[in-house]
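All residue numbers for the sequence shown refer to my numbering, where the first residue is 147 and numbers rise by one. Ideal Cβ placement from N, Cα and C applies to all residues, glycine included. Read the structure below first, then the notes.
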Amino acid sequence: MADLQGKVALVTGAAGANGIGRAVALRLAEEGADLIVNDLSEDATPRKGLPNVVREIEELGRQALPVFADVTQADEVEEMVQRALERFGKIDVLVNNAGAPAGRDRVPVVELEEEAFDFVQRVNVKGTFLCCRAVARHMLQRQGGGTIINISSTSGKHGVARFAAYCASKFAVRGFTQSLARELGPYGITVYAICPGLIASERIDDMAAVLAPAGVDATEHREQMIAMAIENSALRRMTGQRDIANVAVFLASTQSDFMTGASLTVDGGVHMD
Ligand code: NAD
């Protein structure tokens, strides 16, 4: 048990029905935290689950504030943090989970368009930076400590063919995490990255659609990706959303404080690093 009673957490990119953000928000609520849950407006993303996440958090007896904001826009991020502070008075935990959808970036580097590369960096790296900056300013001013958790990926530790833009962004998230941990450590603020393995969120459907070889349909390729992930894991199962959420709860607690700066792989033993 990690007692998060009285804590307030902000989770970005939480609208996916099977997403990591939703699972993390609900696990933090189970441990007693109140939540600000963020995603793009319903027009701007196919993920429509934010109202459901709010309802599920409230059913756990916790409070939830939904905020539609684009994490790549500094003014929207500032406004989101302002609204969170007006409602709850503080933010103890920030989880940077929002991620660019897999799309035109999943091609060999020689075919990778500049705009597709930039888009992934903008959401995954700049979005993480903007949210960290806004919340860290609040945490420093408040002088009450805090925790920041950045969702990287095993693709933030290992290069993967056709994932160059994504890998570059998720490696960057780990470097950013280490720098920020050094800056904020003296003020009792801890900063971590989690590196999940392949998870069957809606995102995997996007990935299968763009990665399926000629003659293989997306559904079949999705099943192949899942079968391979299971076979490669020491525990012989897919990484679950809750596996990531459990680690997020540990990192949000004081139990993990002395690990600040760490990037934790959570993939059932596919990569042991
Ligand atoms: P997901 O697509 O359900 O979650 C990402 C969410 O981010 C979506 O709801 C999307 O609308 C939101 N988002 C995108 N751009 C945004 C923006 N500019 N502002 C605010 N929200 C934005 O997929 P997921 O699998 O739950 O992914 C969550 C995180 O986990 C991502 O950072 C992803 O890179 C990472 N991750 C996923 C896997 C996996 O296999 N699914 C593995 C490792 C890491």
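S315 - DSSP class collapsed to helix/strand/coil:
As a first step, residue 315 must be located in the sequence shown, where it is residue number 169. In the three-state DSSP reduction, S315 falls in the helix class (H, G or I).
Rounded to the nearest angstrom, what separates G386 and K316 at their Cα positions?
Along the sequence shown, read from residue 1 onward, the residue named residue 386 stands at position 240. Along the sequence shown, read from residue 1 onward, the residue named residue 316 stands at position 170. Their Cα atoms are separated by approximately 19 Å.
Going by C-alpha distance, which of A246, N392, R168 and Q401 is nearest V190?
Residue 190 sits at position 44 when you count from the first residue of the sequence shown. Residue identity differs from the one stated: residue 190 is Ala in this sequence, not Val. Here the closest residue by C-alpha is A246.
When you compare the CB positions of R173 and A391, do they come within less than 9 Å of one another, or not?
Taking the sequence shown and counting its residues from 1, the one referred to as residue 173 is at position 27. Taking the sequence shown and counting its residues from 1, the one referred to as residue 391 is at position 245. Cβ distance < 9 Å, so R173 and A391 count as in contact.
Taking the continuous beta strand (DSSP E) assigned at P342, which residues delimit it?
Here residue 342 is taken as the residue at index 196 of the sequence shown, counted from 1. Per DSSP, P342 belongs to the beta strand (DSSP E) from I335 to P342.
Contact between the segment 234-253 and the segment 164-173 (3+ Cβ pairs under 8 Å):
Three or more Cβ pairs closer than 8 Å define a contact, and the segment 234-253 meets that threshold against the segment 164-173.
Skipping 5 residues on each side, what residues in its chain have a beta carbon closer than 8 Å to that of F396?
The residue given as residue 396 occupies position 250 in the sequence shown. Hits under 8 Å: A148 and S402.
Have a look at R308 and A360 and give me their C-alpha separation to the nearest angstrom.
As a first step, residue 308 must be located in the sequence shown, where it is residue number 162. As a first step, residue 360 must be located in the sequence shown, where it is residue number 214. C-alpha of R308 to C-alpha of A360: approximately 15 Å in a straight line.
Assuming V241 is part of the beta strand (DSSP E), what are its boundary residues?
Position 95 of the sequence shown, counted from the start, is the residue given in the question as residue 241. Looking at the DSSP string, the run of the beta strand (DSSP E) that includes V241 is V239 to N242.
Could you compute how far the alpha carbon of F275 sits from the alpha carbon of F322?
The residue labelled residue 275 in the question sits at position 129 within the sequence shown. The residue labelled residue 322 in the question sits at position 176 within the sequence shown. F275 and F322: Cα-Cα distance of roughly 8 Å.
My output table needs one value for R258: the three-state DSSP class, helix, strand or coil.
Taking the first residue of the sequence shown as 1, we reach residue 258 at position 112. Just to set this straight, residue 258 is Leu in the shown sequence, not Arg. DSSP places L258 in coil when its eight states are reduced to three.
Are V253 and I294 touching if we call contact CB-CB under 9 Å?
Translated into positions along the sequence shown, residue 253 becomes position 107. Translated into positions along the sequence shown, residue 294 becomes position 148. Pairing V253 with I294 gives a Cβ-Cβ distance that is not under 9 Å.
Using 8 Å for Cβ pairs, my map puts C278 next to L326. What's the rounded Cβ distance?
One-based indexing of the sequence shown puts residue 278 at position 132. One-based indexing of the sequence shown puts residue 326 at position 180. C278 to L326, Cβ: 6 Å. Contact.
Straight-line Cα distance separating A358 from E366:
Counting from one through the sequence shown, the residue named residue 366 turns up at place 220. Counting from one through the sequence shown, the residue named residue 358 turns up at place 212. The C-alpha of A358 is placed about 8 Å away from the C-alpha of E366.
Just the Cα atoms here: how many angstroms apart are N378 and T300?
Counting from one through the sequence shown, the residue named residue 378 turns up at place 232. Counting from one through the sequence shown, the residue named residue 300 turns up at place 154. Between the alpha carbons of N378 and T300 lies a distance of about 13 Å.
Run of the beta strand (DSSP E) containing N381, from where it starts to where it stops
In the sequence shown, the residue the question calls residue 381 occupies position 235. It should be pointed out that residue 381 corresponds to Leu in this sequence rather than to Asn. First-last for L381: undefined, no H or E at that position.
Could you check whether the Cβ of G305 sits closer than 8 Å to any heavy atom belonging to the ligand NAD?
Along the sequence shown, one-based indexing puts residue 305 at 159. Not under cutoff, so the answer is no.
Taking all protein chains shown into account, do 16 or more other C-beta atoms lie within 10 angstroms of the C-beta of M285, making it buried, or fewer, making it exposed?
Here residue 285 refers to the residue found at position 139 of the sequence shown. Its Cβ being crowded by 16 or more others within 10 Å, M285 is buried.
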